[in-house]
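Working notes, beginning with the structure itself.
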Amino acid sequence: MKRDLGYLEQFMSDGYAMTGKDIGLYLTIIRLYEQQQYMYDNRIHSVEHRIVSISQPWLRPIVRGKVKAPVEFGAKFDLSLDSEGYGRLEKISFEAYNESTCLIEAIERFKERTGYYPERVLADQIYRTRENRSYCKEHGIRLSGPKLGRPSATAKVDKKQEYQDNTDRIEVERTFSLSKRCYGMSCITTKLEETQLTSIALSVFVTNLFRIQRRILCALLHLFRFWHDRNRCKSWKLQIAA
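Going by this note's numbering, the residue at position 63 of the sequence shown is 69; the numbering climbs one at a time, nothing skipped.
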């Protein structure tokens, strides 16, 4: 690769001009070579902003620790659900990041939208850091999960509350599954960074639209049943009077 890059540099010094697309690929290959050379010289196997695809240099390997896929490639994002069940993208990036840093920002955005802090936050274990716990305690927010330290005298009550919180938090996992199975999040075929991020956002948006549609249809169905039962009641009264 070093030899071929030297050939290209010589061609360009002789007056050869690349197209805009070729320049992007050329710069990506140079950066890839520098990363590989750095890892080889320092005898390491990882580097910041590591390139794993020449055609999509923004993709990053994200270690997930799963049995089937310990390393995944693609966008990483945080999704929140409000009390009405509508999802919002709190953060999305192709770089690996610590999810726990998003909780305070998400709560503050909720405060900006509604004018008050939520009564409780149902979060996964990774979000239950000391910083997030102290922030929630300061603002009167109950963060789900067991408390730190030794079990208190109300351990049974806390266990019951924890079970209920975990049951309610299933809705978030269900939204992820629904977006993947029904609304295109698991089959994103776009190639550009912007279009991939847009496709993920549209998947969440469509999930919210179908939730609104279902509620409208349920309201219309209840209205129709009410109208139908009312007409039946009137017909029954007329028959009795006759």
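Glycine residues also receive a C-beta, built at the ideal position from the N, C-alpha and C atoms.
Measuring CA to CA, which of the options is closest to residue i?
i	options	result
Ile35	Met45, Pro63 and Ser52	Pro63
Gly146	Thr135, Tyr123, Glu137 and Asp47	Tyr123
Thr204	Val69, Phe100 and Gly91	Phe100
Leu87	Met24, Tyr133, Ala129 and Ser106	Ala129
Ser89	Phe116, Pro67 and Val58	Phe116
Gln131	Lys27, Lys74, Lys166 and Glu105	Glu105
Arg220	Gly151, Leu198 and Gly91	Gly91
Ile98	Glu40, Leu229 and Gln202	Gln202
Glu199	Tyr13, Phe17, Leu65 and Gln43	Leu65
Val69	Thr181, Ile60, Tyr103 and Gln42	Tyr103
Val58	Tyr13, Glu179, Gln42 and Met7	Gln42
Tyr39	Lys27, Met24, Arg56 and Ser19	Arg56
Hey, could you find the ends of the beta strand (DSSP E) residue i is sitting in?
i	result
Asp20	Premise fails: Asp20 is in no beta strand (DSSP E) and is neither H nor E.
Report back the beta-carbon spacing between residue i and residue j to the nearest angstrom; my notes put them in contact at under 8 Å.
i	j	result
Glu125	Arg148	7 Å
Leu95	Phe79	Not quite, the Cβ-Cβ distance comes to about 19 Å (not below 8 Å), so this is no contact.
Val127	Cys108	With a Cβ gap of about 12 Å, Val127 and Cys108 do not count as contacting.
Give the range of the alpha helix (DSSP H) segment to which residue i is assigned.
i	result
Lys143	Arg136 to Glu144
Leu38	Gly26 to Asn48
Ala112	Leu109 to Thr120
Mapping the DSSP letters down to three states, classify residue i as helix, strand or coil.
i	result
Ser183	helix
Tyr92	coil
Phe100	coil
Asp84	strand
Arg148	strand
Phe230	helix
Tyr189	coil
Thr196	coil
Ser59	coil
Glu54	coil
Lys153	coil
Taking 7 Å as the cut-off, is the beta-carbon of residue i closer than that to any non-hydrogen atom of the ligand HEM?
i	result
Leu215	For the structure depicted, the ligand HEM is absent and the ligand set is empty, with no information on it obtainable.
Sort out for me which residues DSSP pairs residue i with in a bridge.
i	result
Val77	Val69
Arg126	Arg148
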